[in-house]
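In our numbering, the protein residues as written are 2 to 259.
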């Protein structure tokens, strides 16, 4: 598995996840290699449990009980330090902690919405206005448990967007967007853009089968990329800003558009 390391120190590593690779192992992944498998090898996670120091006890973290601190060891090792998730078809930056204290603190920052994330997406249609915010609740669809949507009783969700460029594929208008989710709901960006009537290009779950089939004839992956992240380093207490350029297949596709 060819994984690009974007940043690494003694406490954490940020990787560029390729599209098509699942982040966490599950009953459905079978023999398929996951990012979790890579992390366990890279971090030698099986040896970490015996090496964990007690210094996390002195770390100034609020609401330890709410964060599940009683099971911090199991949580860290069972997830191989992977702090958050990206959809299988989404590429881009993924944070992996090397120690339990860093794992818990980064999770706290996500929970308290202190981590800023930036995505790049190509969507159908001409998006107007050029900047805005989509704020509608997102929840799992009762008739299809694999999909999410804007539903009554869903969880609060907010996504800021900005149009970067307008492109054309033959007679079809497409918009290249920068997106900054203020919350972290599953499939949030994809659901919000579908609700906005501008689904992500090549999105089989939310663009509709006919549209997605046509899209995949020219781009066989979802055009959604986690391009940037900003967070406070849990140990060094400094702001870390990371960027991940568009993968070659997305850059190549964009270059062919008018």
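C-beta: ideal position from N, C-alpha, C; glycine also.
Check                                                                                                                                                            : Outcome
Check residue 91 in the structure and name its three-state DSSP category.                                                                                        : coil
Less than 8 Å separating the beta-carbons of residue 119 and residue 41?                                                                                         : no
Can you look up residue 174 in the DSSP assignment and give me helix, strand or coil?                                                                            : strand
Less than 7 Å between C-beta atoms, sequence neighbours within five positions excluded: which residues of the same chain meet that for residue 64?               : At residue 64, the pLDDT of 49 sits below 50, so the modelled position is not reliable and the matter cannot be decided from this model.
State the beta-bridge partners of residue 182 as determined by DSSP.                                                                                             : 160
Have a look at 236, 140, 254 and 218 and flag the residue whose alpha-carbon is nearest the alpha-carbon of residue 191.                                         : 140
Terminal residues of the continuous alpha helix (DSSP H) containing residue 213?                                                                                 : 210 to 217
May I have a chain-ordered list of the beta strand (DSSP E) segments no shorter than 3 residues that lie completely inside the segment 216 to 259?               : 225 to 233 and 240 to 244
Which residue from 149, 21, 245 and 240 puts its Cα closest to that of residue 206?                                                                              : 149
Thinking just about the alpha-carbon of each residue, which of 38, 76, 98 and 185 is nearest to the one in residue 14?                                           : 98
Quick check on residue 137: does DSSP put it in helix, strand or coil?                                                                                           : coil
To the nearest angstrom, report how far apart residue 110 and residue 87 are at their CA atoms.                                                                  : 17 Å
Is residue 27 buried or exposed, if buried means 16 or more other CB atoms sit within 10 Å of its CB?                                                            : exposed
Apart from the five residues just before and just after residue 197, which ones in its own chain have a Cβ nearer than 7 Å to its Cβ?                            : 135
Can you give, in chain order, each stretch of the beta strand (DSSP E) that sits fully within the segment 89 to 132 and has at least 3 residues?                 : 92 to 98 and 117 to 125
Tell me the DSSP bridge mates of residue 5?                                                                                                                      : 17
Whose C-beta lies closer than 8 Å to the C-beta of residue 68 among residues of the same chain, with five residues either side of it excluded?                   : The pLDDT assigned to residue 68 is 46, lower than 50, so where the model puts this residue is not dependable; a value taken from the coordinates is nonetheless given after this. Excluding positions up to five away in sequence, the list reads 62, 105, 108, 109 and 112.
Using C-beta distances below 7 Å, list every residue in its chain close to residue 237, excluding the 5 sequence neighbours before and after it, in chain order. : none
Per the DSSP calculation, residue 150 is bridged to which residue(s)?                                                                                            : 140
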